[in-house]
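Colleague: First the structure, which I've put down as structure tokens, then a few questions once you've had a look.
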Amino acid sequence: MAFNIRPVRPVFVGEVTGIDICQPLSRDQVAAIEAGMDQYAVLTFPDQPLTDDQQVVFSANFGELEIPLAAQMAKPEARRFDKLELGDISNFDGKSENLRARDDSRRMYALANRLWHSDASFRAIGAGYTLLHSRIVPSNGGNTGFADMRAAYDALDDATKVEVENLVTEHSIVFSREQIGFEVKSDDASNVRPVKHPLVVMHPVTGRKSLYLSSHIGGIVGWPVPEARAFIRDLTEHATQPQFVYSHKWRVNELVMWDNRMVMHRATRFNDLKEQRDLRRTSIKGVGLAVADAPAMAAE
Amino acid sequence: MTMTITPLHPDFAGDVAGIDLTQPLTAAQVAAIEAGMDRYAVLVFHDQHFDDDKQLAFSRNFGELEVSSGAEMSKPEERRLKMEMADISNLDQNNRLRPADDRKRLGALGNRLWHSDASFRAVPAKYSLLSARVVPGKGGNTEFADMRAAYDALDDATKAEIEDLVTEHSNAYSREQIGYQKADYGADYQGKLRPVRHRLVRTHPVTGRKSLYLSAHIGTIIGWPVPEARAFMRDLTEHATQPQFRHAHEWKPRDLVIWDNRTTMHRARRYDDLHDVRDLRRSTIRGDGVTVAQVQQAA
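These protein sequences, in sequence, are chains E and L. Sequential numbering from 1 applies to the first sequence in my numbering. Sequential numbering from 1001 applies to the second sequence in my numbering.
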């Protein structure tokens, strides 16, 4: 059965109905979803009561799954899920499912998700798709905002397009956390060492250019750090103007997938000390965005 | 000749004509400017042929002058201007353009973040008066955001939440956001970076209007974990600097702009500062007092 994609914005964000993604998909269905992603960059699938296993199976249609950095850096007993590929986007205190305390370091770490970012841009190969599934949503707030980096690129003036064309940025998880005053400590230096990415990327399928921005950026190669950060702030402000942004209000059992090569996203505030929010994330390793010169580190 | 004020937005930023500020003013003229400031928070004057002494003389009509924090944190031989005159230029003491990696240049880039002048002082600034002597060919605007309108537009739950919050401000917090470190100020000036406290919601002493006292100099909220405070400050700042609360001033030589730091934020925009001269000079009026009790420094 053919499914339907309803555009939420003219060429940004599509709502997909008429498909059951809890079931194994045909190759044609996978190709049609990928085509929808290339066009809309964000797809939402309402009313999909996926289990963890089903989410992993669905995700694997689109490539190799990433292991989240937070899971990599956490001690095994601090992890909520045994399945390493499953990212815990909740305010739960690990397996106990009590709410995290106000000063819980995992909560502090996660607060940086309120800054506009592209998932795993701190890896030499950033994430391609991220897939986020909602199990429990708060009554108020806790939206996920998405910003279209293709439209943001297109709207730059010509002088700025020329200026940014060949810039290379440095990304690290340390930089995004530092912006809100949280110091990332890692026993493994390779988790935090900055990696390089082009600021302007071209989508491998559509050929469209977009701004590869992220709160994980800490510098531009060859620029003094303060000048780089002031410029990245200006670009981020440009790229997240209301005309480029869609804010997704979650319902239970929705899957939203987005292409990190074309969008930034962020979480918005909710009453996380009182209300539960349980979302589970899988991510697909990106392809096609390698910077021309050798990256600073391998992906893992 | 009578002074007239043309609103640039309904109740924010006024364009003033019909007055020569380089001449001594009458009490009535000063009162009219203050009344305009109370209403519009930003006033723009044109063709005012100030030199530094005339600018300082005009500024004294509105209160006691502040010493520039930039001057305080410079050695005498590094200063281009008098202590009361903040040097908002890209020039060094010999009137040469500052190079890309110049320490003062990198610190000054923090002015591209939305802030309120001298909010890092226990008694923060009232008015800033900025006079344009040389302006770049392109860019370098100053943008203003109306913190009264931004406060009014908050929902009731947020108003209740923030009513009694107290924030901590330091020049080091704004510079840290762009990667300019405390050590970059130099060992002699670390004492100037000690945080001060302010109320997040202020009430204007004349109009009684409430406003958000936001600034890039804020590093935390008393009683909150730092990351939570900073994420919340970012959200509030984003709310408060939406286009409907903003005015962009495109500088012409001899413009003078006065703004009330109690009710507005402002920021500089980018220009080609490695090639183009921008020489603006700021005098600053000290505020009336603290916004909240300070914590005494340990002996």
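Ideal Cβ positions, reconstructed from N, Cα and C, are used throughout, including at glycine. Just so you know, these numbers come straight off a predicted model, no measurement behind them.
#1: If I measure Cβ to Cβ from Ser1283(L) and keep anything under 7 Å in the same chain, skipping five residues before and after, which residues do I get?
#2: So which residues of chain E does Val1226(L) contact, with C-beta pairs closer than 7 Å?
#3: Mind listing the chain E neighbours of Tyr1180(L)? Cutoff is C-beta to C-beta under 7 Å, in chain order.
#4: With a threshold of 7 Å between beta carbons, is Ala1299(L) in contact with chain E?
#5: CB Leu1113(L) to CB Ser1174(L), shorter than 7 Å?
#6: Is the stretch 134-151 of chain E touching the stretch 209-229 of chain E, taking contact as three or more C-beta pairs under 8 Å?
#7: Chain L partners of Leu111(E), CB-CB under 9 Å?
#8: For the stretch 116-161 of chain E, list the beta strand (DSSP E) runs that are entirely contained and at least 3 residues long, ordered along the chain.
#9: According to DSSP, simplified to helix, strand and coil, what is Ile1019(L)?
#10: Taking all protein chains shown into account, decide if Val201(E) is buried (16 or more other Cβ within 10 angstroms of its Cβ) or exposed.
#11: Keeping to the same chain, check which residues put their C-beta closer than 6 Å to that of Glu275(E); ignore five residues upstream and five downstream.
#12: Tell me whether Gly1287(L) is buried or exposed, calling it buried when 16 or more other Cβ atoms sit within 10 Å of its Cβ.
#13: Can you grab the Cα-Cα spacing for the pair Phe1355(L) / Arg1278(L), in whole Å?
#14: Is DSSP giving Lys209(E) helix, strand or coil here?
#15: Please report the Cβ distance between Phe1050(L) and Thr1022(L), rounded to the nearest whole angstrom; I am assuming they are in contact, meaning their Cβ atoms lie under 8 Å.
#16: My guess is that Gly1289(L) and Val1123(L) are in contact by the Cβ rule of under 8 Å, so how many angstroms apart are they, rounded?
#17: What three-state label does DSSP hand Asp259(E) in the structure shown?
#18: In angstroms with no decimal places, state the Cα-to-Cα distance between Ile5(E) and Val13(E).
#19: When the Cβ atoms of the stretch 1163-1174 of chain L are set against those of the stretch 1192-1205 of chain L, are three or more pairs found closer than 8 Å?
#20: Under DSSP, the alpha helix (DSSP H) around Phe175(E) begins and ends at which residues?
#21: Return the chain-ordered ranges of every alpha helix (DSSP H) run that is complete within the stretch 1004-1057 of chain L and spans a minimum of 4 residues.
#22: So, is the C-beta of Arg280(E) closer than 7 Å to a C-beta in chain L?
#23: With contact counted as at least three CB pairs below 8 Å, one residue from each stretch, are the stretch 130-144 of chain E and the stretch 222-232 of chain E in contact?
#24: Would you give the residue range spanned by the beta strand (DSSP E) that Asp88(E) belongs to?
#25: Just to confirm before moving on: does the CB-CB distance between Pro194(E) and Glu170(E) stay below 7 Å?
#26: Measuring CA to CA, which of Ala31(E), Ala267(E), Pro226(E), Val192(E) is closest to Arg1234(L)?
#27: Would the stretch 1209-1228 of chain L and the stretch 1256-1269 of chain L be scored as touching if the rule is three or more Cβ pairs under 8 Å?
#28: Mind checking whether Pro1225(L) and Asp20(E) have CB atoms under 7 Å apart?
#29: With a threshold of 8 Å, are at least 3 pairs of Cβ atoms found where one atom belongs to the stretch 1068-1083 of chain L and the other to the stretch 1093-1110 of chain L?
#30: Would you verify that the beta carbon of Ala267(E) is, or is not, closer than 7 Å to some beta carbon of chain L?
#31: Identify whether Asn4(E) lies in helix, strand or coil by the three-state DSSP scheme.
#32: Does the beta-carbon of Ala2(E) have 16 or more other beta-carbons within 10 angstroms, so that it is buried, or is it exposed?
#33: Looking at the C-beta of Leu1109(L), does it have a partner C-beta in chain E at a distance below 7 Å?
#34: For Val11(E), I'd like the list of residues in its chain whose CB is within less than 6 Å of its CB, leaving aside the five on either flank, ordered along the chain.
#35: To test your reading of the DSSP string, which unbroken alpha helix (DSSP H) runs of 4 or more residues are found completely within the stretch 1144-1197 of chain L?
#36: Going by DSSP, what residue range makes up the alpha helix (DSSP H) through His1247(L)?
Modeller: So, from the listed chains and residues:
#1: Once the five neighbours on either side are set aside, the close Cβ partners of Ser1283(L) are Gln1055, Leu1056, Ser1059, Leu1065, Glu1084, Met1085, Leu1129.
#2: Correct list: Gly181.
#3: At a beta-carbon threshold of 7 Å, the residues of chain E lying near Tyr1180(L) are Pro226, ordered along the chain.
#4: Residue placement at Ala1299(L) is flagged as unreliable, the pLDDT there being 45, under the threshold of 50; a coordinate-derived value is accordingly withheld.
#5: Yes, they are a contact pair.
#6: Enough Cβ pairs lie closer than 8 Å, so yes.
#7: Within chain L, the residues near Leu111(E) are Pro1225, Pro1227, Glu1228, Arg1230, Ala1231.
#8: Counting only runs that start and end inside the stretch 116-161 of chain E, the beta strand (DSSP E) elements of at least 3 residues fall at 127-136, 144-148.
#9: DSSP places Ile1019(L) in coil when its eight states are reduced to three.
#10: Val201(E) comes out buried.
#11: Sequence-distant partners of Glu275(E) (beyond 5 residues in either direction) whose C-beta falls short of 6 Å from its own C-beta, in its chain, are Pro138.
#12: Looking at its Cβ environment, which holds 16 or more other Cβ atoms inside 10 Å, Gly1287(L) is buried.
#13: The question about residue 1355(L) has no answer here: the residues shown for chain L are numbered 1001 through 1299.
#14: Three-state result, Lys209(E): strand.
#15: With 8 Å as the limit, Phe1050(L) and Thr1022(L) qualify as a contact, their Cβ atoms being about 6 Å apart.
#16: Taking 8 Å as the upper bound for CB-CB distance, Gly1289(L) and Val1123(L) are in contact here, some 6 Å apart.
#17: Strand, per DSSP.
#18: Going by the C-alpha atoms only, they are around 9 Å apart.
#19: Counting Cβ pairs under 8 Å, three or more are found: they touch.
#20: Phe175(E) -> alpha helix (DSSP H) spans 173-178.
#21: Within the stretch 1004-1057 of chain L, the complete alpha helix (DSSP H) segments at least 4 residues long are 1027-1040, listed from N- to C-terminus.
#22: Interface flag for Arg280(E) against chain L is unset, since no Cβ pair is found closer than 7 Å.
#23: Under the Cβ criterion (8 Å, minimum of three pairs), the stretch 130-144 of chain E does not count as touching the stretch 222-232 of chain E.
#24: It spans 87-90 - the beta strand (DSSP E) in which Asp88(E) sits, taken as one unbroken run.
#25: Going by C-beta atoms, Pro194(E) is nearer than 7 Å to Glu170(E).
#26: When each option's Cα is compared against that of Arg1234(L), the closest is Ala267(E).
#27: Yes, since at least three Cβ pairs between the stretch 1209-1228 of chain L and the stretch 1256-1269 of chain L fall closer than 8 Å, the two stretches touch.
#28: Annotated as distal: Pro1225(L) and Asp20(E), with beta-carbon spacing of 7 Å or more.
#29: Yes: the two stretches touch, three or more of their Cβ pairs being nearer than 8 Å.
#30: Judged by the 7 Å Cβ criterion, Ala267(E) is not in contact with chain L.
#31: Strand, per DSSP.
#32: Counting of Cβ neighbours within 10 angstroms places Ala2(E) among the exposed residues, the total staying below 16.
#33: With respect to chain E, the C-beta atom of Leu1109(L) has a partner C-beta closer than 7 Å.
#34: If the five residues before and after Val11(E) are omitted, its C-beta is found closer than 6 Å to no C-beta atom of its own chain.
#35: If we require 4 residues or more, the alpha helix (DSSP H) runs fully inside the stretch 1144-1197 of chain L come out as 1147-1152, 1156-1162, 1171-1176.
#36: Taken as a continuous stretch (DSSP letters only), His1247(L) belongs to no alpha helix (DSSP H), being part of the beta strand (DSSP E) at 1246-1249.
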